[in-house]
Amino acid sequence: MSVKGLFFRGGREAELLIRGAHLLDPRTGLDGPGDVLVRAGEIAEVGAPGTLVAPEGAETIEAEGLHLFPGFVDPHVHFRTPGQEHKEDLATGTASAAAGGFTAVIAMPNTSPTVDDAPVLRSLRDAAELQARVPVGFLAAITKGLGGEVLTEMAELRDAGALGFTDDGRPVSSAGMLRKALQYQRLAGGVLGLHEEDTTLSNGCVMHEGEVSARLGLAGYPSIGESTIVARDAAIAAFEDGRMHFQHLSAAESVEALAYWKGRGAQVTGEASPHHLTLTHEVVRTLDTRYKMNPPLRAEADRQALIAGLKDGTIDCIATDHAPHAKHEKEVPFEEAPNGVTGLETSFASVYTELVKPGIIPLSLLVEKLTSGAALFDLCTPKIEVGLPANLALLDLDAEWVVGEHGYASRSQNSCFFGRSFNGVVRLTVAAGTVAHRALAGAEVTA
Amino acid sequence: MRHLLSIDDLDRAGIERVLDRAASFAEVAGREIKKVPALRGRTVVNLFYEASTRTSSSFELAAKRLSADLVSIRAATSAVAKGESLKDTIATLTAYDPAAIVIRSPHAGAAQLVAGWTDAAVVNAGDGKHEHPTQALLDVFTLRQRLGSLDGVKIWIVGDVLHSRVARSDILAFTRMGAQVTLSGPPTLIPRGIEALGCSVEPTLDRLPEADVVYVLRMQHERMQEAYVPSLREYAMRYQIGMDRLQPHQLLMHPGPVNRGVELSGDAIDSPQALIGQQVEAGVVVRMAVLYELLAGVHASRTAPAPIEVAA
Chain W
200 MSVKGLFFRG GREAELLIRG AHLLDPRTGL DGPGDVLVRA GEIAEVGAPG
250 TLVAPEGAET IEAEGLHLFP GFVDPHVHFR TPGQEHKEDL ATGTASAAAG
300 GFTAVIAMPN TSPTVDDAPV LRSLRDAAEL QARVPVGFLA AITKGLGGEV
350 LTEMAELRDA GALGFTDDGR PVSSAGMLRK ALQYQRLAGG VLGLHEEDTT
400 LSNGCVMHEG EVSARLGLAG YPSIGESTIV ARDAAIAAFE DGRMHFQHLS
450 AAESVEALAY WKGRGAQVTG EASPHHLTLT HEVVRTLDTR YKMNPPLRAE
500 ADRQALIAGL KDGTIDCIAT DHAPHAKHEK EVPFEEAPNG VTGLETSFAS
550 VYTELVKPGI IPLSLLVEKL TSGAALFDLC TPKIEVGLPA NLALLDLDAE
600 WVVGEHGYAS RSQNSCFFGR SFNGVVRLTV AAGTVAHRAL AGAEVTA
Chain R
226 MRHLLSIDDL DRAGIERVLD RAASFAEVAG REIKKVPALR GRTVVNLFYE
276 ASTRTSSSFE LAAKRLSADL VSIRAATSAV AKGESLKDTI ATLTAYDPAA
326 IVIRSPHAGA AQLVAGWTDA AVVNAGDGKH EHPTQALLDV FTLRQRLGSL
376 DGVKIWIVGD VLHSRVARSD ILAFTRMGAQ VTLSGPPTLI PRGIEALGCS
426 VEPTLDRLPE ADVVYVLRMQ HERMQEAYVP SLREYAMRYQ IGMDRLQPHQ
476 LLMHPGPVNR GVELSGDAID SPQALIGQQV EAGVVVRMAV LYELLAGVHA
526 SRTAPAPIEV AA
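Structure below.
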């Protein structure tokens with residue numbers, strides 16, 4: 200099945216009455232208790248608490264004390280298909296997404312083979328229609344084989360369903376190549392997602408450069424290795440009037456550069472990950488490879504700048520950069536370990552526990568930033584609104600759980616939040632009108 | 226002490242306990258029969274993933290002088306060369322029930338990982354550019370023999386700090402023992418943020434005369450190809466320690482192997498102010514003390530077979 204650029208296996212259309220939950224949707228203005236009736240997979244009615252009645256055949260979920268949000272959207276995940284299914288595939292990746300309350304995700308093309316031509320993309324769409332529990336969209340590569348030298352057939356890839364383009368995992372190092380991709384965007388459409396890194400400043404580096412890398416003797420990747428390229432590329436986007444989305448920003452200077460170019464009217468957007476919003480390089484002192492990712496965890500000032508960017512709108516959305524790796528691949532010395540951490544199952548809970556509960560950001564902002572990724576890639580933004588397909592996440596914000604205690608829905612275990620206690624358990628996920636995840640009270644939390 | 230992975234595993238009293246033990250072994254080293262039966266029947270595995278002469282040979286000698294059974298494995302000639310992972314290698318070696326595993330690895334944190342995979346006591350014999358705790362202990366031992374105490378002693382560490390595990394362990398150990406540490410070297414080879422370890426940084430040797438001890442690091446030829454310094458010639462002009470720069474009151478140290486004529490001039494190496502030979506000598510007794518502390522000391526992880534008198 201497909202819904203506007205997204206592909207999934209579909210399923211029985213949900214018939215549900217969710218009764219008495221606190222409804223919160225920053226876009227419709229809902230913020231209080233209410234009933235939501237889902238019929239044939241669509242939001243049929245929204246009413247005051249206790250006013251709606253379940254029709255015959257519909258299941259009633261007593262949700263008093265729980266929160267109902269529009270389903271979350273993650274514009275940055277790695278599902279490792281094709282080629283590295285031992286880490287994740289479309290079935291386990293979307294199970295992980297559903298367990299995290301996500302109702303749409305966008306998969307990156309740095310697979311093996313790379314998603315750089317239409318046949319590979321079509322095969323992924325077919326696989327998603329068989330396996331994906333939650334709708335998945337796909338980005339295609341900007342350059343052939345992520346090599347940075349030859350543009351992919353962007354127009355044909357768009358016709359085949361690519362939501363946009365990215366060489367994620369690598370930067371487009373050549374400014375000239377990036378400019379051509381932006382010019383070609385006028386024909387092909389689709390946002391360019393960019394992993395920003397000056398490899399002459401980051402070559403061989405395995406963590407943020409600072410007092411922790413100095414202590415550990417690990418090669419440090421300085422913040423300017425990211426921010427100078429953000430500034431460069433935003434200037435090119437402005438010059439070509441092209442659309443550009445900066446992925447997984449990590450440095451204070453990058454947020455500053457993005458704010459500057461947004462102020463100049465450039466069509467540039469940015470995302471931040473839950474781990475960059477809640478952790479710093481201090482945790483790397485343990486040399487635990489579950490803290491290794493690119494870009495790396497940076498200093499407290501960088502984390503604060505990302506939070507400020509989230510609040511003032513410079514950072515448009517939260518994206519996990521969910522990057523699964525097999526256990527044996529991470530059980531090696533830090534310098535040898537692959538970059539990447541899983542994130543779908545902990546995205547809401549980590550930011551809720553670390554930033555919302557202490558009062559640093561409001562809950563409505565978190566919900567907004569967990570759904571705003573959709574519009575950046577021209578997808579429909581999930582809303583709690585009559586007549587729309589049901590994309591809903593029902594959460595118990597008080598329930599506490601320990602990450603990893605009962606395993607993960609993902610095939611991989613490389614969460615940087617392992618062992619941490621979080622609040623916020625996803626009880627039910629309804630994605631594109633079908634129940635994708637269910638862990639109602641009393642059920643074991645599998646995340 | 227269960228393992229020796231970092232100088233951070235030892236407080237000042239812990240360092241002093243190991244060094245006092247080393248001093249008692251130094252007595253034994255003066256005898257014709259240098260062996261004691263302290264670790265008889267116990268197995269020590271030396272696992273070296275990097276070329277090493279003095280560290281591996283001194284650990285071997287240390288184990289033998291304590292009467293332990295010794296297995297020495299060099300990565301290039303073992304299953305490691307056939308692609309075996311570190312974890313699988315440790316599982317294999319653990320089947321021999323070693324009392325201690327001494328590991329040298331090109332990667333930071335390797336010893337710490339091994340400690341999580343085995344019941345044996347693990348000794349870090351150098352992990353990447355991270356730490357080399359037994360080198361730091363032998364450096365403190367050497368200075369203590371000479372100066373009695375490190376309290377208030379001004380130690381300058383000169384050269385390539387960025388790539389030096391010795392520097393990191395030394396900064397920690399020297400400051401823990403009361404010394405004041407200053408780093409000096411080409412700014413490209415001084416890591417950003419290193420002052421957080423409690424040392425200061427001087428880009429030039431102008432104030433070197435203030436030092437009581439000058440500790441010179443090895444300048445590797447590869448660093449020149451990586452453009453950290455324009456040439457060894459320029460490096461030597463700015464940072465080489467020779468008798469022209471060394472004050473008469475200063476002691477000179479180097480972890481070896483020395484690049485004669487690069488970081489040190491020949492006359493400095495051979496001067497009576499140099500403690501380089503004493504450092505090598507100290508290597509064996511300090512490593513004996515470390516193995517003894519871990520396997521037979523009062524804080525050893527497993528109880529020793531029977532208390533054994535070291536002094537005859």
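If you're matching them up, the sequences are chains W and R in order. So my numbering is basically just the index in the first sequence, starting at one, shifted up by 199. So my numbering is basically just the index in the second sequence, starting at one, shifted up by 225. We put the beta carbon where it would ideally sit given N, CA and C, even for glycine.
In this structure, how does DSSP classify residue i when only helix, strand and coil are distinguished?
i, result
"R299(R)", "strand"
"T317(R)", "helix"
"I533(R)", "Because the pLDDT of I533(R) is 46, which lies under 50, any placement of that residue in the model is unreliable, and the number read from its coordinates should be weighed accordingly. Of the three classes helix, strand and coil, the one that applies to I533(R) here is coil, per DSSP."
"P318(W)", "helix"
"L520(R)", "helix"
"S389(R)", "coil"
"L477(R)", "strand"
"S609(W)", "coil"
"T645(W)", "Low confidence applies to T645(W): its pLDDT is 42, below 50, so where it sits in the model is not reliable enough to give any reading."
"K203(W)", "coil"
"S614(W)", "strand"
"E455(W)", "helix"
"H446(R)", "coil"
"D344(R)", "coil"
"E174(W)", "Because chain W is modelled from 200 through 646, residue 174(W) falls outside the range shown and cannot be assessed."
"V585(W)", "coil"
"Q405(R)", "strand"
Per DSSP, residue i forms a beta bridge with which residues?
i, result
"G233(W)", "A220(W)"
"F273(R)", "R299(R), R329(R)"
"V304(W)", "D273(W), V335(W)"
"E356(R)", "D352(R)"
"L591(W)", "P269(W), V629(W)"
"V349(W)", "In DSSP, V349(W) forms no bridge with anything."
"R417(R)", "Beta-bridge pairing links R417(R) to no other residue."
"E261(W)", "R218(W)"
"G373(R)", "Partner(s): none; G373(R) has no beta bridge."
"G228(W)", "DSSP lists no partner for G228(W)."
"E257(R)", "In DSSP, E257(R) forms no bridge with anything."
Tell me, please, whether the CB atom of residue i is closer than 8 angstroms to any CB atom in chain W?
i, result
"L229(R)", "no"
"R401(R)", "no"
"G353(R)", "yes"
"I419(R)", "yes"
"R443(R)", "no"
"K307(R)", "no"
"A452(R)", "no"
"L235(R)", "no"
"Q503(R)", "no"
"S490(R)", "no"
Does the beta carbon of residue i sit closer than 8 angstroms to a beta carbon anywhere in chain R?
i, result
"R414(W)", "yes"
"H394(W)", "no"
"F533(W)", "yes"
"L496(W)", "no"
"E499(W)", "no"
"H527(W)", "yes"
"L400(W)", "no"
"G419(W)", "yes"
State yes or no: is the C-beta of residue i within less than 8 angstroms of the C-beta of residue j?
i, j, result
"H275(W)", "M307(W)", "yes"
"M513(R)", "S490(R)", "no"
"A392(W)", "Q466(W)", "For the record, residue 392(W) in the displayed sequence is Gly; it is not Ala. The answer is no: Cβ separation not under 8 angstroms."
"V335(W)", "T365(W)", "no"
"V487(R)", "A461(R)", "yes"
"P225(W)", "V550(W)", "no"
"A335(R)", "I328(R)", "yes"
"L291(R)", "Y517(R)", "yes"
"A437(W)", "A387(W)", "no"
"A498(W)", "H480(W)", "yes"
Would you check if there are 3 or more beta carbon pairs closer than 8 angstroms linking the region 493-503 of chain R to the region 466-479 of chain R? yes
Please determine if the region 467-480 of chain W and the region 515-529 of chain W are in contact, where contact requires at least 3 C-beta pairs separated by less than 8 angstroms. yes
Pair every Cβ in the region 411-427 of chain R with every Cβ in the region 377-388 of chain R, then say whether three or more of these pairs are closer than 8 angstroms. yes
Pairs of beta-carbons, one from the region 352-366 of chain R and one from the region 228-242 of chain R, closer than 8 angstroms: are there three or more? yes
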